[in-house]
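Student: Handing you a structure now.
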Amino acid sequence: MNVQVRLYMIKSIFIFLVFSFSLLHSQTFTNSTTKPDGSGIVSLDTIPNNPDTLWFMSEEDLTEAEIQSLSESNFNTKVWKQIAVPGNLYTNKEDYADKKIVTLAKWIQFPLDHSTQYSFRLGVINDRDRTYLNGKFIGGTGEWNATEPQAYDKLRFYNIPSEFIHYGKKNLLLIKIQPYFGNSGGIEQDETSLGPTNKVNARFYKDEFIKLLFLTIYSTVGGYFLFLFIRRRKDRENLFFALFSFSFVVYNFLRNQLKYEFAFSFLEMKKLEYMTILLLIPFMYHFLRTLFEEKYNVLGKILDVLQLFCFLYFAFTQNIETFSFLLTNFVQPTWLLYVVLIFVILFKNLRKKERRAVYITIGITIVLFAAVVDTATNRNYWVFPRIMGYTFLVFNISLAIILANSFVKLNEEVEDLNKNLEKKVEERTDALNESLNQLQILKEKQDGDYFLTSLLIQPLARIDNQIPEIQIETYVNQKKKFHFRGKDGEIGGDICIVGTVHLELGEFTVFANGDAMGKSIQGAGGALVLGVVFQAVLSRAKSSYTKSRPPELWLKDLYVELQSVFVSFDGSMLSSVVLGMVGKDGFVYYINAEHPWSILYRDGVASFIETELSMRKLGFPKNDHYFQTKTFQLEPGDTLLIGSDGRDDIGFFQEENSIRTINEDETLILRFVERSKTELSDLVHEIEMSGEITDDLSFLKIHYSPVNRRMSLPDFVKKEYLEIKSKSKQGEYQNALEQLQQLMEKFSHPNFYAFAGKLQYQLKNWKDAIQNLKLATKENPMREDYIFMTANALHKNNQPQEAVIWCERLFLRNKFHKQNTKLFLYLLDLTKNIDKKEFYLEFLSTNKV
Numbered sequence: 045m046n047v048q049v050r051l052y053m054i055k056s057i058f059i060f061l062v063f064s065f066s067l068l069h070s071q072t073f074t075n076s077t078t079k080p081d082g083s084g085i086v087s088l089d090t091i092p093n094n095p096d097t098l099w100f101m102s103e104e105d106l107t108e109a110e111i112q113s114l115s116e117s118n119f120n121t122k123v124w125k126q127i128a129v130p131g132n133l134y135t136n137k138e139d140y141a142d143k144k145i146v147t148l149a150k151w152i153q154f155p156l157d158h159s160t161q162y163s164f165r166l167g168v169i170n171d172r173d174r175t176y177l178n179g180k181f182i183g184g185t186g187e188w189n190a191t192e193p194q195a196y197d198k199l200r201f202y203n204i205p206s207e208f209i210h211y212g213k214k215n216l217l218l219i220k221i222q223p224y225f226g227n228s229g230g231i232e233q234d235e236t237s238l239g240p241t242n243k244v245n246a247r248f249y250k251d252e253f254i255k256l257l258f259l260t261i262y263s264t265v266g267g268y269f270l271f272l273f274i275r276r277r278k279d280r281e282n283l284f285f286a287l288f289s290f291s292f293v294v295y296n297f298l299r300n301q302l303k304y305e306f307a308f309s310f311l312e313m314k315k316l317e318y319m320t321i322l323l324l325i326p327f328m329y330h331f332l333r334t335l336f337e338e339k340y341n342v343l344g345k346i347l348d349v350l351q352l353f354c355f356l357y358f359a360f361t362q363n364i365e366t367f368s369f370l371l372t373n374f375v376q377p378t379w380l381l382y383v384v385l386i387f388v389i390l391f392k393n394l395r396k397k398e399r400r401a402v403y404i405t406i407g408i409t410i411v412l413f414a415a416v417v418d419t420a421t422n423r424n425y426w427v428f429p430r431i432m433g434y435t436f437l438v439f440n441i442s443l444a445i446i447l448a449n450s451f452v453k454l455n456e457e458v459e460d461l462n463k464n465l466e467k468k469v470e471e472r473t474d475a476l477n478e479s480l481n482q483l484q485i486l487k488e489k490q491d492g493d494y495f496l497t498s499l500l501i502q503p504l505a506r507i508d509n510q511i512p513e514i515q516i517e518t519y520v521n522q523k524k525k526f527h528f529r530g531k532d533g534e535i536g537g538d539i540c541i542v543g544t545v546h547l548e549l550g551e552f553t554v555f556a557n558g559d560a561m562g563k564s565i566q567g568a569g570g571a572l573v574l575g576v577v578f579q580a581v582l583s584r585a586k587s588s589y590t591k592s593r594p595p596e597l598w599l600k601d602l603y604v605e606l607q608s609v610f611v612s613f614d615g616s617m618l619s620s621v622v623l624g625m626v627g628k629d630g631f632v633y634y635i636n637a638e639h640p641w642s643i644l645y646r647d648g649v650a651s652f653i654e655t656e657l658s659m660r661k662l663g664f665p666k667n668d669h670y671f672q673t674k675t676f677q678l679e680p681g682d683t684l685l686i687g688s689d690g691r692d693d694i695g696f697f698q699e700e701n702s703i704r705t706i707n708e709d710e711t712l713i714l715r716f717v718e719r720s721k722t723e724l725s726d727l728v729h730e731i732e733m734s735g736e737i738t739d740d741l742s743f744l745k746i747h748y749s750p751v752n753r754r755m756s757l758p759d760f761v762k763k764e765y766l767e768i769k770s771k772s773k774q775g776e777y778q779n780a781l782e783q784l785q786q787l788m789e790k791f792s793h794p795n796f797y798a799f800a801g802k803l804q805y806q807l808k809n810w811k812d813a814i815q816n817l818k819l820a821t822k823e824n825p826m827r828e829d830y831i832f833m834t835a836n837a838l839h840k841n842n843q844p845q846e847a848v849i850w851c852e853r854l855f856l857r858n859k860f861h862k863q864n865t866k867l868f869l870y871l872l873d874l875t876k877n878i879d880k881k882e883f884y885l886e887f888l889s890t891n892k893v
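Numbering (my numbering), first residue to last: 45 to 893.
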């Protein structure tokens, strides 16, 4: 079946339904006489230009006695005016009443058929009524004088007892009405008629059940579109149309008379009706907006907020009059803006010659016309049946046409695919193979680049330790693995380097553990730069100038050179790093540039030797202004463990939802170190067992195990030493110095050098003081007071250049030593070292010392 046949069938069904609808309501408007013949239903409505069909209205509040006494003879004793029924009694503002009571009357005749049961259909009465025939009460709806509305949209059906009928005479139908709204009242909508009860009821239920049948169809359509959304969540237009359909069904059910069969609260039903009608136009707008992928503009957002505010107001209040006022004077005018937005969307797509827009424009135009007719009917501008429930079918048919086109187009594509499947598979396979070949060539080139880079890094990451007291182990596992021409390799930003440098103060093992920013080739580039510069500085360490540098300044020179190279990349290459050096005495000089904190393992307990961040990564501008040398004394048996942040970036998977989370506990690594006892293979196993390693991982392990322990003095020597110190405290510096020198000729101990240097410092023997204080500093590099005293003694001995070096050593270790800082700046002025002074003054201002 082709597309044209399908469209023809849909159009035929549409024409048939419209024709059926017209036949359904044709009998509602047939003119008839007010005199029934007993064979059918007779309309009691007012016929234009027929004064005999007019009704009478009195604004007097007739009592029960007056109603019972009314007859054809005294009927004109009351003030009556002729009106048309059905219709609003207050068409002009000057006629508006404050909920006053009115009485409607009409003279009718019955045939002489005593065996037929008759009933009245009196239309929609606003709001409550008491109905009488010939002065006898035959029915009423609503609680009289109630403060809340009772049933102002309910059709009235009253059976007529045969004993109340005056056969062959005129009968007076009198309806006493108490309106709820001040600007409307009376028999406002539907029709008034008289006829046999069975025919009146049959006609009513036929009409209402046909309406329900349409609502069932619309519910099915809404469910179908909801099913489409559930199966394909990204097509949100299906969700909005489903919501629109369900809201439309709920609203029209609440306008159906069968709702009164369920004994629901009238007030709650009206609240729900007002709330539901607020949703219809916004859902339609969002359906079209998402269908044609239009932008959610500011005006649409503002209108949605206003509708939401009214929706919430209706949900939490009970005043029907306020609801009606807001809906009539505020909400419905905003719908015009929605209509403008809707037609803007349709117009844009009509200009694009979008076929869907043509069908929807036709359907929605008819629906909007019906909405205008129904709105005018609700406002009592005229008396007309509500047609929205029927015309909405046109919109559904327009969607059916769109779906039919989509299905046919899909079928044609499937048929074409079936016919040319083998050819298309071959073409697609050839294209895929070509893409795979290109990809394989690119991958091979990339792996070649990786392999070459790894070959360049390997000789740079050397482990060269010549101090037996220091044992070094390293572990590096890069995240990126590759295979090139039968060889497996890895590449990343982590690197461990260990070398040896000979300085004036002795031999030092220099180490670095770096983690360059970026993955794969970018990180490897940073590691390559770090390794090249590091090895270059080690090679220059053999010069006489470098050998004369103290450890603090040599480490600073290394850092400054690395920083100057990395900063030249303008932030595109950064690297965290721990640089350090350790001598055979176990004294460590190091810096930490935003690297994970170093771990000390001592007596089975792991702890961090740092507590705060002092420097940023290599490559940050002006990072050298934050330079600070840290020191740490290792004890025999201690292990210092330095690692990259791969040790902390562990991924944990939650079994219940398979979501990966990254470890945020920085102390977790301490527990791993304690369980593994710093064995690197066991430590890595502990990390792998806890979760997934998500980054490059590297460790540098330094174990201190001295060969010779520091000798201890005999007890009598200690006693004599203490006696000499006691004399020095009494101010006998010269005597104490002489006795100490005699003791030093027999025994040697680092404490003797420090004590002798202090005594000579007090006696202002600067040359001898310098010699002994240097020896004391070499034996005990932890003592900062020895360094300051040496610097000051050099200054007093007229050796400012060397004094500057000693002051700078202490300044780099402790910038808060005020005496040293003051002396340091003075010496820089004295030696006219202007550049260095400006640098350190900026250093001081940056660090707020």
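For each residue, glycine too, the CB sits at the ideal point set by N, CA and C.
Please report how far the alpha carbon of Ile-231 lies from the alpha carbon of Asp-173, in whole angstroms.
Tutor: Looking up residue 231 in the sequence shown gives position 187. Looking up residue 173 in the sequence shown gives position 129. Straight-line Cα distance between these residues: approximately 10 angstroms.
Student: Give a yes or no on whether the C-beta atoms belonging to Tyr-805 and Met-788 are separated by under 8 angstroms.
Tutor: Taking the sequence shown and counting its residues from 1, the one referred to as residue 805 is at position 761. Taking the sequence shown and counting its residues from 1, the one referred to as residue 788 is at position 744. It is not a contact, given that the beta carbons lie outside the stated cut-off.
Student: Do the segment 585-597 and the segment 848-868 meet, that is, are 3 or more Cβ pairs less than 8 angstroms apart?
Tutor: They touch, by the three-pair rule.
Student: Mind checking whether Asn-636 and Lys-674 have CB atoms under 8 angstroms apart?
Tutor: In the sequence shown, the residue the question calls residue 636 occupies position 592. In the sequence shown, the residue the question calls residue 674 occupies position 630. Yes, the Cβ-Cβ distance between Asn-636 and Lys-674 is below 8 angstroms.
Student: Hey, out of Asn-373, Thr-372, Phe-336 and Leu-370, whose CA is closest to Ile-389's CA?
Tutor: As a position in the sequence shown, residue 389 is number 345, starting the count at 1. The option with the nearest alpha carbon to Ile-389 is Phe-336.
Student: For Gln-510, count neighbouring Cβ atoms within 10 angstroms of its own Cβ and tell me buried if that reaches 16, exposed if not.
Tutor: The residue you call residue 510 lines up with position 466 of the sequence shown. Classification for Gln-510: exposed.
Student: Taking the alpha-carbon positions, what's the Glu-710 to Asp-559 distance?
Tutor: Counting from one through the sequence shown, the residue named residue 710 turns up at place 666. Counting from one through the sequence shown, the residue named residue 559 turns up at place 515. Distance between the alpha carbons of Glu-710 and Asp-559 is about 17 angstroms.
Student: Using a Cβ-Cβ cut-off of 6 angstroms (strictly less than) and excluding sequence neighbours within five positions of Ser-498, which residues of its own chain qualify?
Tutor: Here residue 498 refers to the residue found at position 454 of the sequence shown. Answer for Ser-498: Gly-533 and Ile-535, listed in chain order.
Student: Have a look at Lys-467 and Tyr-403 and give me their C-alpha separation to the nearest angstrom.
Tutor: The sequence position of residue 467 within the sequence shown is 423, counting from 1. The sequence position of residue 403 within the sequence shown is 359, counting from 1. Those two C-alpha atoms are separated by around 37 angstroms.
Student: Opposite Asn-203 in the DSSP bridges: which residues?
Tutor: Along the sequence shown, read from residue 1 onward, the residue named residue 203 stands at position 159. Ser-163.
Student: State the start and end residues of the unbroken beta strand (DSSP E) segment that holds Asp-559.
Tutor: Working through the sequence shown from its first residue, we reach residue 559 at position 515. Where Asp-559 is concerned, the enclosing beta strand (DSSP E) stretches over 550-560.
Student: Quick check on the DSSP output: the alpha helix (DSSP H) that includes Met-328 runs from which residue to which?
Tutor: Here the question's residue 328 lines up with position 284 in the sequence shown. Its alpha helix (DSSP H) spans residues 310-335.
Student: Using the Cα positions of Ile-731 and Thr-518, report the straight-line distance between them to the nearest angstrom.
Tutor: Position 687 of the sequence shown, counted from the start, is the residue given in the question as residue 731. Position 474 of the sequence shown, counted from the start, is the residue given in the question as residue 518. Their Cα atoms are separated by approximately 16 angstroms.
Student: Does DSSP put Leu-888 in a helix, a strand or coil?
Tutor: Counting from 1 along the sequence shown, the entry for residue 888 is found at position 844. Leu-888: helix per DSSP, three-state reduction.
Student: So the alpha helix (DSSP H) Trp-379 belongs to, where does it begin and stop?
Tutor: Along the sequence shown, one-based indexing puts residue 379 at 335. Per DSSP, Trp-379 belongs to the alpha helix (DSSP H) from 376-395.
Student: Are Ser-291 and Phe-269 closer than 8 angstroms when you measure CB to CB?
Tutor: The residue labelled residue 291 in the question sits at position 247 within the sequence shown. The residue labelled residue 269 in the question sits at position 225 within the sequence shown. Going by C-beta atoms, Ser-291 is not nearer than 8 angstroms to Phe-269.
Student: Decide yes or no for the touch test of the segment 559-573 against the segment 537-544: beta carbon pairs closer than 8 angstroms, at least 3 of them.
Tutor: Touching, per the Cβ criterion.
Student: With a 10 Å radius around its C-beta and 16 neighbouring C-beta atoms as the bar for buried, classify Asn-373 as buried or exposed.
Tutor: Position 329 of the sequence shown, counted from the start, is the residue given in the question as residue 373. Its Cβ having fewer than 16 others within 10 Å, Asn-373 is exposed.
Student: Expressed to the nearest angstrom, what Euclidean distance is found between the alpha-carbon atoms of Leu-888 and Ser-658?
Tutor: By one-based count along the sequence shown, residue 888 stands at place 844. By one-based count along the sequence shown, residue 658 stands at place 614. Whole-angstrom Cα-Cα distance: 14 angstroms.
Student: Considering only residues of the segment 231-288, which uninterrupted alpha helix (DSSP H) runs meet the minimum length of 4 residues and lie entirely inside it, listed in chain order?
Tutor: Whole alpha helix (DSSP H) segments, 4+ residues: 241-275.
Student: Going by beta-carbon coordinates alone, are Asp-171 and Gly-186 separated by less than 8 angstroms?
Tutor: Here the question's residue 171 lines up with position 127 in the sequence shown. Here the question's residue 186 lines up with position 142 in the sequence shown. Taking 8 angstroms as the Cβ cut-off, Asp-171 and Gly-186 qualify as a contacting pair.
Student: Is DSSP giving Met-625 helix, strand or coil here?
Tutor: Residue 625 sits at position 581 when you count from the first residue of the sequence shown. Three-state DSSP puts Met-625 in a strand.
Student: Just the Cα atoms here: how many angstroms apart are Leu-40 and Leu-712?
Tutor: With the chain covering 45 to 893 only, the question about residue 40 has no answer from this structure.
Student: Please classify Ala-894: is it buried, with 16 or more other beta-carbons within 10 angstroms of its beta-carbon, or exposed?
Tutor: With the chain covering 45 to 893 only, the question about residue 894 has no answer from this structure.
Student: In angstroms with no decimal places, state the Cα-to-Cα distance between Leu-486 and Lys-525.
Tutor: For the purposes of this step, residue 486 is identified with residue 442 of the sequence shown, where counting begins at 1. For the purposes of this step, residue 525 is identified with residue 481 of the sequence shown, where counting begins at 1. Cα to Cα, the separation comes out at about 16 angstroms.
Student: Is the segment 637-648 touching the segment 717-736 in the sense that three or more CB pairs, one from each, lie closer than 8 angstroms?
Tutor: Yes, the segment 717-736 is in contact with the segment 637-648.
Student: Could you name the residues of the same chain whose beta carbon sits closer than 8 angstroms to that of Phe-73, not counting the 5 residues immediately before and after it, in chain order?
Tutor: Locating residue 73 in the sequence shown gives position 29, counting from the first residue. With a pLDDT of 31 at Phe-73, under the threshold of 50, the modelled position of that residue is not reliable, and the figure given next carries that caveat. Around Phe-73: no qualifying Cβ.
Student: Which same chain residues, not among the five before or five after Asn-393, have their C-beta less than 6 angstroms away from its C-beta?
Tutor: Stepping through the sequence shown from its first residue, residue 393 is reached at position 349. These residues qualify, in order along the chain: Phe-336 and Ala-401.
Student: Tell me whether Thr-361 sits in a helix, a strand or coil according to DSSP, three-state version.
Tutor: The count along the sequence shown starts at 1 and reaches residue 361 at position 317. Of the three classes helix, strand and coil, the one that applies to Thr-361 here is coil, per DSSP.
Student: If we count the other Cβ atoms within 10 Å of its Cβ and call it buried at 16 or more, is Asn-296 buried or exposed?
Tutor: Residue mapping note: residue 296 aligns to position 252 of the sequence shown, counting from 1. Answer is buried; the Cβ neighbour count reaches 16.
Student: Quick check on Lys-489: buried or exposed, where buried means 16 or more other Cβ atoms within 10 Å of its Cβ?
Tutor: Along the sequence shown, read from residue 1 onward, the residue named residue 489 stands at position 445. Per the 10 Å Cβ criterion, exposed.
Student: Is it the case that the Cβ atoms of Leu-602 and Ile-541 are separated by a distance below 8 angstroms?
Tutor: As a first step, residue 602 must be located in the sequence shown, where it is residue number 558. As a first step, residue 541 must be located in the sequence shown, where it is residue number 497. No, these two residues do not count as a Cβ contact at 8 angstroms.
Student: What residue from Ala-800, Phe-743 and Leu-744 has the CA that sits closest to Lys-894's CA?
Tutor: Nothing in the structure corresponds to residue 894, since the chain is present only between 45 and 893.
Student: Helix, strand or coil: which one does DSSP assign to Tyr-645?
Tutor: To locate residue 645, count along the sequence shown from 1; it is residue 601. Here Tyr-645 sits in strand by DSSP.
Student: Using CA coordinates, which residue listed in Val-383, Tyr-162, Val-146 and Ile-169 is at the minimum distance from Ile-152?
Tutor: As a position in the sequence shown, residue 152 is number 108, starting the count at 1. Answer by Cα proximity: Tyr-162.
Student: If you follow the alpha helix (DSSP H) that Trp-810 is in, where does it begin and where does it stop?
Tutor: Reading the sequence shown from its first residue, position 766 is the one you call residue 810. 810-823 is the extent of the alpha helix (DSSP H) around Trp-810.
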